[in-house]
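Read left to right, the sequence shown gives residues 912 to 1273 (our numbering). In this text, a Cβ means the ideal position worked out from N, Cα and C, and glycines have one as well. One structure is given below, encoded as C-alpha cells.
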Amino acid sequence: MADNDNDLSLLKSELLATVAAATDIAALDEVRVNALGKKGRLTEQMKTLGALAPDARKERGAALNLIKDEVAQSIDARQKELAAVALRQRLERERLDVTLAPRPQAEGRVHPTSQTVDEIVAIFASMGFTVAKGPDIESDWHNFEALNFPPDHPARQMQDTFFMPPVDGKPMVLRTHTSPVQVRTMQTQKPPIRVIIPGRTFRCDSDMTHSPMFHQVEGLVIDEVTHMGHLKGCLLDFLRAFFNTPDLPLRFRPSYFPFVEPGAEVDIGCSRKGGELKLGNFGDWLEIGGCGMVHPNVLRNCGIDPEQYQGFAFGMGIERMAMLKYGIPDLRTFFEADVRWLKHYGFAPLDIPNLALTGVAP
Ligand code: DAH
C-alpha cells in the first residue's frame, strides 16, 4: 500500500491520471487491477475502514465509494475510447478499396463467332426456343438419308465433305450442316418442339466466303398448327432483332432442299451503292439462309406422324451473320487464330447481349 494513499484526493487524481495514460486495452486492464482488483489501491483502502471509529468510517467509506465509482466510470469510458481507436486503426490497416478499377482486360477477347452464337441464342430464347446439340462426326443416315437425301441424289454433291471410317458398319461423315440435329431432336422429343441448334459444320470448300469448317444455326418447330406464316414471322422478328434494324425487309425465294417442302431461300433487304453494304429497305437483296416446311418423309423417318404434326425448319451461317453485322470482310480470318484480328474484332468478356437493345421483349 502506498503511504500517501491515505490522501484520498491525491489517490483519486493519480488513479485518474493512470487511466488517461493507458494507451491500449492491455494497459488499461492493468490499471483496473491496480486500482480495483483484490489487491488494488482502492481495495486496500477499503480494508482499512474497519479500524476506524464509526463516524470516521462512515465518512471515509462514502468518499472511497465515490472515488471507486468515478475511477470505474473513467476506466469504462477510456475502454470505449481505446476500442474505437483500435477499430479505426484496423479499418485503416485492412482497408478494401471497392472503387478500385477492375484489372485491365488487356488479354483475352470473345471470338465474334461465340459472340454471335450468344446473341442468336438470347433472341430465340426470348421466343421460347431451347438449345439442342449433336455430334460433329455424324452418321451418313442422320446427315443425309433421314433428311430425304437418297444415296445417289445429286443434292449431296453441294455438300461434299470429309468421309470418316465406318462405325458399326455405318458410314460416317463430318456433318455438312446442323440439320441432322433436327433428326436427333425429333427422335428423342415429342412435339411440340421448338429448338435452336448452333454448331460446327464441315465442307470441302475454301475461298473468301467459304471455309472447310464453319458454323451454322438451325431452327426447328414442330406441332399441330404451325404454318409458313409462322416461319416468316419468326425469321422476320429474329433478323430485325439480330441486325438491330426494325424495318429490315425479308423475301422468300422458292428453292430446293430435300428435307423441306415447300422450301425457300431467305433474303434480307440491303443496299450495295458505292460498294458499301448497308442493311435495310433499299431495294437490293442478300441471301441469309434456307428454310421451309419440314418434309413429311423426314417426319416419318423420325417416327412422327405427318398426318398429325407439321412444322418448319431453317438454317443460317453464323460467320456470315457476324460478317454482315460487324463488317468483317473475309471469312477465312475467323479461323486463322491471329491475335491482332481478335483484338480488333473480338468482344470484351462482359459484353453480354442485351435484349433491351434488340427490341425483342424477353
Ligand atoms: N442445311 C441447309 C444447308 O446447309 C440449310 C437449310 C435449308 C436448313 C433449309 C434448313 C432448311 O433447316 O429448312 O445448306
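For Asp935, the number of other beta carbons within 10 angstroms of its own is below 16, and it is reported as exposed. At least one heavy atom of the ligand DAH sits closer than 6 angstroms to the Cβ of Ser1090. Each of Val1094, Pro1169 and Leu1150 was checked against the Cα of Ile1133, and the nearest Cα belongs to Val1094.
In its chain, beyond the 5 residues on either side, Pro1207, Leu1210 and Arg1211 have a beta carbon closer than 7 angstroms to the beta carbon of Pro1217. Across the set Asp1178, Cys1213 and Ser1182, the C-alpha of Asp1178 shows the shortest separation from the C-alpha of Gly1200. For the pair Tyr1220 and Pro1091, the CB atoms are not nearer than the 7 angstroms cut-off. According to DSSP, Arg1004 shares a beta bridge with no other residue.
Three or more Cβ pairs drawn from the stretch 1020 to 1028 and the stretch 1229 to 1246 lie within less than 8 angstroms of each other, which places the two stretches in contact. Counting the other CB atoms within 10 Å of its CB gives Lys950 a total below 16, which places it among the exposed residues. The ligand DAH has no heavy atom closer than 6 angstroms to the beta-carbon of Val1094.
For the 7 angstroms CB-CB criterion, Leu1085 and Thr1072 form a contact.
Taking a C-beta distance under 7 angstroms as the contact criterion, Pro1165 and Phe1060 do not qualify as a contact pair. For Gly1019, there is no enclosing alpha helix (DSSP H), as DSSP marks it with neither H nor E. At least one heavy atom of the ligand DAH falls within 6 angstroms of the beta-carbon of Gly1201. Counted as a single uninterrupted DSSP element, the alpha helix (DSSP H) harbouring Ala938 occupies residues Ile936 to Leu947.
Taken atom to atom, the span from the alpha-carbon of Ala1152 to that of Ser1037 is near 11 angstroms. Cβ-Cβ distances below 8 angstroms link Ile1229 to Thr1024, Thr1027, Val1028, Ile1031, Pro1109, Phe1125, His1126, Gln1127 and Val1128 in the same chain, with the five nearest sequence neighbours on each side left out; the list follows chain order. In the structure shown, Ile1107 adopts extended strand secondary structure according to DSSP, grouped into three states. The Cβ atoms of Val942 and Thr929 lie closer than 7 angstroms to each other. DSSP assignment within the stretch 1202 to 1235 yields the following whole beta strand (DSSP E) runs of 3 residues or more, N-terminal first: 1221 to 1228. Cβ-Cβ distances below 6 angstroms link Asp1195 to Cys1181, Ser1182 and Arg1183 in the same chain, with the five nearest sequence neighbours on each side left out; the list follows chain order. The alpha-carbon of Lys1081 is positioned some 27 angstroms away from that of Ile1107. Per DSSP, His1141 is not a residue of any beta strand (DSSP E); the alpha helix (DSSP H) it occupies stretches across Met1139 to Phe1153.
For Asp1134, the uninterrupted beta strand (DSSP E) run begins and ends at Met1124 to Asp1134, by DSSP. Between the alpha carbons of Gly1226 and Asp1262 lies a distance of about 26 angstroms.
Secondary structure note for Ala1175: its beta strand (DSSP E) is the uninterrupted segment Val1171 to Ser1182. When the five nearest sequence neighbours on each side are left out, the beta carbons in the same chain lying within less than 8 angstroms of the beta carbon of Ala1175 are those of Phe1163, Arg1164, Pro1165, Ser1166, Gly1201, Cys1202 and Gly1203, in order along the chain. With a threshold of 6 angstroms, the Cβ atom of Gly1257 does not count as near the ligand DAH, since no heavy atom of the ligand is closer than that.
A check of alpha carbon separations from Phe1193 across Thr1156, Ile1215 and Gly1214 identifies Thr1156 as the nearest. The ligand DAH never approaches Ala1043 closely enough for any of its heavy atoms to be under 6 angstroms from the residue's Cβ.
Closest in C-alpha terms to Val1250, from the list Ser924, Arg1001, Arg999 and Glu1018, comes Glu1018.
For Asp1047 and Leu1007, the gap between their C-alpha atoms comes out near 48 angstroms.
Residue environment: Glu1056 is assigned as buried (16 or more neighbouring CB atoms within 10 Å of its CB, all protein chains considered). Judged by beta-carbon spacing, Met1075 lies beyond the 7 angstroms limit of Met1069, meaning their Cβ atoms are not closer than that value.
Taken in chain order, the unbroken stretches of beta strand (DSSP E) that lie wholly in the stretch 1061 to 1100 and span 3 residues or more are 1074 to 1078 and 1081 to 1085.
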